[in-house]
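In the working numbering, the protein residues as written are 2 to 684. Glycine residues also receive a C-beta, built at the ideal position from the N, C-alpha and C atoms. Presented below is the structure to which this report refers.
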Amino acid sequence: MAETRGRGGVPRRMLFERDEELLLFDSMLNDLCGRAGEGSAPNGGLLAIAGSAGLGKTTLVAEVRRKAAARGCTLLAARGSEQEEGVAFHVVRQLVQPVLAASSEAEHRKILGSWYDIVAPAVGLVAGQSGVAPDPQGVRDGLDWLVTRFAVQYAPVVLVVDDAHWADEETLAWLSSFALRASDLPLLIVVAYRPEELPRHAAEFRRLAMRHGSRPLDLAPFSAAAVSDLVRDVLGEGGDELFARECWALTAGNPYEAVELVARIRDRGIKPQYVNATELRELASAVRGSGLIERLERLGPSAVRLTWAVAVLGTDADRDMAAGVAGLGAEEMADAVDKLREARILAAPQDGGPSGLDFFHPLVGTAVYRAIPAAMRVAMHGQAAFAVSEAGLGPTSAARHILEMHPENDRWAVRQLRSAARDYLRAGAPDAARRCLARALREPPALEDRAEVLFELGCSALLSEPATTVNHLKAALEEPELAPELREAVTYRLAQALAHTDRMGEAAAIVAAEAKHSTNARTRLRMQAETFQWNAFRADEEDSPARSRSLARLADHLTGRGKAERYILGLRAWDAMVRGEPAETALRYAEEALEGGLPWTDDNWGFEVPVMVALVFMYCDQPGRADELFNQGIADCERKGWRGAHLSFGLTLLGYIKFHRGRLAEAEDLVHSGLRIADRVGQ
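Structure below.
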């Protein structure tokens with residue numbers, strides 16, 4: 002047991018009945034650092050600490066951090082936040098930014114190497130204004146690489162995530178897959194969470210914590226004996242057991258409530274005798290829920306407004322920003338902070354810790370936030386949105402607050418939400434982008450912007466919810482304010498979404514209709530290319546010979562100068578191969594299609610035709626050329642961060658090519674790699 006000084010300045014031994022947990026951590030820390038005198042290699046792992054609110058997870062985590070620092074370990078620490086749960090990669094940024102903060106951008110590029118453009122937006126290094134957005138799996142792979150490098154470079158490393166039940170979805174998805182690697186690295190991962198409050202999307206994290214932790218720790222409430230020790234520790238030896246047992250009964254052994262109750266007994270000067278036990282019930286009720294709020298209100302309106310501002314701002318709550326949102330002057334602010342710290346509602350400043358304002362315990366923050374009147378809470382989120390924007394914290398910070406506001410036909414809010422969505426897409430967080438754009442649509446945007454917002458919303462959901470994408474894009478096409486360039490982009494993306502939901506006939510019909518009605522020659526050719534492409538995949542095509550004749554006539558008049566022409570030439574090569582025309586014919590068209598370039602990662606054109614062209618070479622007895630094109634395409638996907646479905650598909654088909662070349666071992670390895678990625682990506 003360790004004696005500590007609490008956030009409110011009350012000395013106490015907080016680690017009663019946690020000897021078993023600390024012994025386990027000491028053992029894992031020895032494994033991580035190498036057991037003294039044994040010459041053993043460092044060995045990491047995962048320690049999962051589960052417990053309901055107030056059972057002492059944060060105190061135990063603090064002791065874990067203290068012990069790790071004392072052993073010379075590098076600490077990567079973060080804490081989930083109830084208010085920032087929807088901010089993508091919020092917890093990841095807390096973990097890695099302190100390490101990266103000491104380096105310049107040039108050093109960041111050196112550290113991240115080829116992963117820079119993929120990972121940097123996710124960890125908050127750059128805005129990522131250009132380039133193709135990576136997919137979520139690509140970002141997770143990049144984070145794996147970055148944290149693995151940290152683990153090796155700064156070994157031994159202890160990575161701690163407190164309140165993991167409030168971690169953002171993107172961080173939990175990454176952590177759930179990466180934590181399995183910890184045992185092979187000089188890295189110990191410690192996570193603390195409330196199991197009953199894990200969100201639905203955390204199913205994989207729950208399995209990880211329960212099955213793969215070195216030994217999941219389920220914290221129990223204090224026993225009556227532990228509370229008795231606590232009473233003696235804080236109030237002295239003059240108490241009696243009946244008084245201590247009443248303290249235990251009133252708090253049900255909850256460590257947070259027991260410590261707070263004993264601290265309030267000490268503040269009131271109540272002697273720990275059973276004759277005074279009748280006064281305990283009132284004190285116990287003031288520790289939590291409505292009693293805590295009543296205690297807060299007795300501190301005055303300035304203190305109440307300040308706690309509301311801190312609750313709304315979350316981790317962004319520095320003194321100046323909180324004062325602005327609360328509407329407090331400098332003197333009022335200083336007085337309120339002192340009162341709230343004395344009352345153990347706000348935490349005392351920690352030596353060497355962040356200078357912002359934080360609650361004494363997460364339970365206090367939750368109670369305060371939920372006690373804010375609904376209309377006032379919405380208004381304060383509005384003030385906070387402007388405050389964080391003016392402070393230069395970026396559109397994602399502002400969007401977090403706008404999502405809590407009522408729609409008000411606010412053009413500024415729409416701009417912030419759209420900017421936040423673009424940042425999230427560049428960071429590989431399409432679900433977060435989709436939430437922002439759906440909210441922007443409800444604001445609503447100006448009539449001339451509505452089609453663009455619908456298009457952006459549809460694109461953000463393409464990989465995860467193609468059926469939803471179809472609805473948004475159809476709505477965009479029905480908008481009266483639709484520029485020709487946007488109409489072309491919406492039509493292409495709608496056809497792609499239809500094809501991804503196995504509606505090839507509808508996809509072909511959409512682009513064929515657009516080709517017929519378009520007055521722009523370039524657009525008409527593009528739509529013709531798309532029509533040929535989706536019809537080529539149809540099993541129910543009524544007159545495929547007629548399509549082949551039309552495609553052949555069109556291809557014979559093309560030079561391959563533009564991308565649409567090259568795609569048509571590529572489709573002509575595939576059609577010639579499928580229909581059994583001479584191999585020389587199919588190969589000639591394939592080479593013509595490749596002359597100007599057919600990249601796999603052009604987000605506005607898709608990678609289906611480049612793949613078909615590469616397969617033409619395999620079926621026309623040039624597997625070496627097919628092998629070369631697939632390797633180039635796969636490398637392009639990896640370089641751009643497309644390490645999900647696209648990469649899985651490419652590796653699997655490359656395995657098929659190796660199989661046809663008789664390289665069975667290589668083929669098996671590639672197909673297994675493709676399947677592993679598919680398993681990680683999911684349906």
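Same chain, Cβ closer than 7 Å to residue i, neighbours up to 5 away in sequence not counted
i	result
residue 687	Any question about residue 687 goes unanswered here, given that the chain covers just 2 to 684.
residue 384	326
residue 541	506
residue 441	415, 418, 419 and 454
residue 388	322, 325 and 326
residue 525	516 and 519
residue 230	17
residue 21	none
residue 167	81, 82, 83 and 86
residue 152	158, 186, 187 and 188
residue 491	456, 474, 477 and 478
residue 635	648, 651, 652 and 655
residue 233	240
residue 177	205, 206 and 209
Residues near residue i in its chain [Cβ-Cβ closer than 8 Å; skip 5 each side]
i	result
residue 417	386, 390, 396, 399, 400 and 403
residue 127	106 and 121
residue 497	463, 508 and 607
residue 253	222
residue 624	618, 658, 661 and 662
residue 256	15, 17, 55, 56, 57, 60, 222 and 223
Length of the line joining the Cα atoms of residue i and residue j
i	j	result
residue 279	residue 85	41 Å
residue 421	residue 642	20 Å
residue 622	residue 650	22 Å
residue 118	residue 534	31 Å
residue 604	residue 485	19 Å
residue 478	residue 83	38 Å
residue 588	residue 468	37 Å
residue 501	residue 465	11 Å
residue 58	residue 80	12 Å
residue 240	residue 274	5 Å
residue 448	residue 476	13 Å
residue 45	residue 114	26 Å
residue 140	residue 568	30 Å
residue 165	residue 220	15 Å
residue 208	residue 521	55 Å
residue 63	residue 263	21 Å
residue 116	residue 143	6 Å
residue 561	residue 138	34 Å
residue 97	residue 109	12 Å
residue 304	residue 407	26 Å
residue 668	residue 632	13 Å
residue 573	residue 179	44 Å
residue 410	residue 446	7 Å
residue 193	residue 528	53 Å
6 Å Cβ shell around residue i - same chain, five flanking residues per side excluded
i	result
residue 688	Residue numbering for the chain in the displayed model covers 2 to 684; residue 688 lies beyond these limits and cannot be assessed.
residue 366	312 and 360
residue 227	17 and 18
residue 372	294
residue 160	77 and 190
residue 246	225
residue 426	134 and 434
residue 8	Low confidence applies here, because residue 8 scores a pLDDT of 40, under 50, leaving its location unreliable; read the following figure in that light. Only 348, 349 and 361 meet the Cβ criterion.
residue 405	382
residue 672	653 and 656
Residue nearest to residue i in terms of C-alpha spacing, selected from the options
i	options	result
residue 662	650, 681, 328 and 620	620
residue 531	75, 543 and 517	517
residue 393	444, 317 and 446	317
residue 162	172, 156 and 543	172
residue 645	677, 616, 154 and 618	677
residue 307	287, 338, 291 and 285	338
residue 125	482, 575, 429 and 548	429
residue 292	369, 340, 320 and 328	369
residue 553	244, 538, 586 and 351	586
residue 537	33, 558, 148 and 579	579
- Entirely within the region 167-220 and at least 4 residues each: give me those alpha helix (DSSP H) ranges in chain order. 170-179 and 204-208
- Is the region 93-108 in contact with the region 192-211, if contact means three or more CB pairs nearer than 8 Å? no
- Message: Would the region 201-211 count as touching the region 66-80 if we require 3 or more Cβ pairs under 8 Å?
- Response: no
- At what residue ranges does the region 292-378 contain a whole run of the alpha helix (DSSP H), taking only runs of 4 or more? 302-314, 320-327, 331-343 and 363-372
- Message: Please give the ranges of any beta strand (DSSP E) in the region 39-88, keeping only runs that are unbroken, at least 3 residues long and fully inside the region.
- Response: 46-51 and 75-80
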